[in-house]
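**Student:** Right, I'll just put the structure down here and ask away after.
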Amino acid sequence: MATKQTRTLARFMAAPSVLLLLIWMAVPLAVTLWFSFQQYNPLNPIRDRFVGFANYALFFNNPAFSTAILNTLIIVAAVLAITIIGGILLALLLDQPMWGQGFVRILVISPFFVMPPVAALVWKNMIMHPGYGVFADIARFFGAQPIDWFAQYPLFSIIIIVAWQWLPFATLILLTSLQSLDGEQKEAAEMDGAGFLARFWYLTLPHLSRAITVVVLIQTIFLLSVYAEILVTTNGGPGYASTNLPFLVYQKALLEYKIGQASAGGIIAVILANIVAFFAMRAVGKNLDK
Numbered sequence: 001m002a003t004k005q006t007r008t009l010a011r012f013m014a015a016p017s018v019l020l021l022l023i024w025m026a027v028p029l030a031v032t033l034w035f036s037f038q039q040y041n042p043l044n045p046i047r048d049r050f051v052g053f054a055n056y057a058l059f060f061n062n063p064a065f066s067t068a069i070l071n072t073l074i075i076v077a078a079v080l081a082i083t084i085i086g087g088i089l090l091a092l093l094l095d096q097p098m099w100g101q102g103f104v105r106i107l108v109i110s111p112f113f114v115m116p117p118v119a120a121l122v123w124k125n126m127i128m129h130p131g132y133g134v135f136a137d138i139a140r141f142f143g144a145q146p147i148d149w150f151a152q153y154p155l156f157s158i159i160i161i162v163a164w165q166w167l168p169f170a171t172l173i174l175l176t177s178l179q180s181l182d183g184e185q186k187e188a189a190e191m192d193g194a195g196f197l198a199r200f201w202y203l204t205l206p207h208l209s210r211a212i213t214v215v216v217l218i219q220t221i222f223l224l225s226v227y228a229e230i231l232v233t234t235n236g237g238p239g240y241a242s243t244n245l246p247f248l249v250y251q252k253a254l255l256e257y258k259i260g261q262a263s264a265g266g267i268i269a270v271i272l273a274n275i276v277a278f279f280a281m282r283a284v285g286k287n288l289d290k
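Here the sequence shown stands for residues 1 to 290, where the numbers follow full-length UniProt numbering.
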């Protein structure tokens, strides 16, 4: 058991790194907050002046704002649904004995190590391209007209790309949890005559609940900041059909040079992320206490 002196020493040793981390996070946040109250254009910095909450009002009244919020939430919800359901199915499959099991597991988790811009380029130019992509070749093979995915279904295309990237992460976490399930419980359920679906619903799924909440928490935080996939594939279009909140902030900052409005959007994004993280943490805490 740690004594009072050892706890004090541990806090003293951890203090420099904690202080550095707080400064690392607080300084950029403070600068962003400051610029959110300024009218600032980097092309003409002399006209910098305090405008109060005008930038927030302009950002809220932007015609793309409500669409961006809705698209952000749709991406998060859809990717979570795909990765959790797909991750459970893949985890159940990879948990079965098979030839080359280790190699198959490496193949399944490999997409997670592909950088988002690279993954988006591969999907855009090699898989979803309406002229020479894999999906176009399959459509022509069956006598159908190829689909221009990024023009006709832009948001759906973004969801597929992001889900493909995050599916390995969910699979790995869920597979680790699945392998910790006591084999004696499964054998006892089989001896009692429980079928596969009954064992999955009453034994496997409750056991995976903690892992699922962890996946939801971690993925939600990152999915709220999806940006590279949109920039590389649809550039937020057509119109605002695939624009989410981070991409709208990018447009204001680097395309329109409205740093004040972009900073206000960044603060709004931080607040939204913290609200989602708060409720996700509560859900995780309840599951971990069970």
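Don't be surprised by glycine CBs; every beta carbon is placed ideally from N, CA and C.
Quick check: what's the CA-CA separation for F65 versus L231?
**Tutor:** 17 Å
**Student:** Please confirm if the segment 247 to 259 is in contact with the segment 273 to 283, defined as three or more CB-CB distances below 8 Å between the two stretches.
**Tutor:** no
**Student:** Give the DSSP-derived three-state secondary structure of F35 in the structure shown.
**Tutor:** helix
**Student:** Report the three-state DSSP secondary structure of F142 (helix, strand or coil).
**Tutor:** coil
**Student:** What is the DSSP secondary structure of F50, reduced to helix, strand or coil?
**Tutor:** strand
**Student:** Assess contact between the segment 169 to 184 and the segment 77 to 94, defined as three or more Cβ pairs (one per stretch) separated by less than 8 Å. Is contact present?
**Tutor:** yes
**Student:** Taking contact to mean at least 3 C-beta pairs separated by less than 8 Å, is the segment 202 to 220 in contact with the segment 73 to 85?
**Tutor:** yes
**Student:** Nearest chain C C-beta to G237 closer than 8 Å, yes or no?
**Tutor:** The structure shown contains no chain C; it holds only a single protein chain.
**Student:** Suppose you measure from the CA of T234 to the CA of L208; what does that come to, to the nearest Å?
**Tutor:** 36 Å
**Student:** Got a sec? Which residues, its chain only, sit under 6 Å from F150 by beta carbon, not counting five neighbours each side?
**Tutor:** S157, T233, T234, listed in sequence order.
**Student:** Is the CB-CB distance between A91 and L178 below 8 Å?
**Tutor:** Yes, the pair counts as a contact, with Cβ atoms nearer than the cut-off.
**Student:** If you draw a straight line from the C-alpha of F279 to the C-alpha of L223, how long is it?
**Tutor:** 15 Å
**Student:** Looking only at its chain, what residues have a beta carbon closer than 7 Å to the beta carbon of P117, apart from the 5 residues adjacent to it on each side?
**Tutor:** A228, V232
**Student:** Does the distance from the CB of S36 to the CB of S263 come in under 8 Å?
**Tutor:** In this structure, S263 lies closer than 8 Å to S36 by Cβ.
**Student:** Is it buried or exposed, I267, if we count other Cβ atoms within 10 angstroms and call 16 or more buried?
**Tutor:** buried
**Student:** Looking only at its own chain, which residues have a Cβ that is under 7 Å from the Cβ of Y202, when we skip the five neighbours before and after it?
**Tutor:** none
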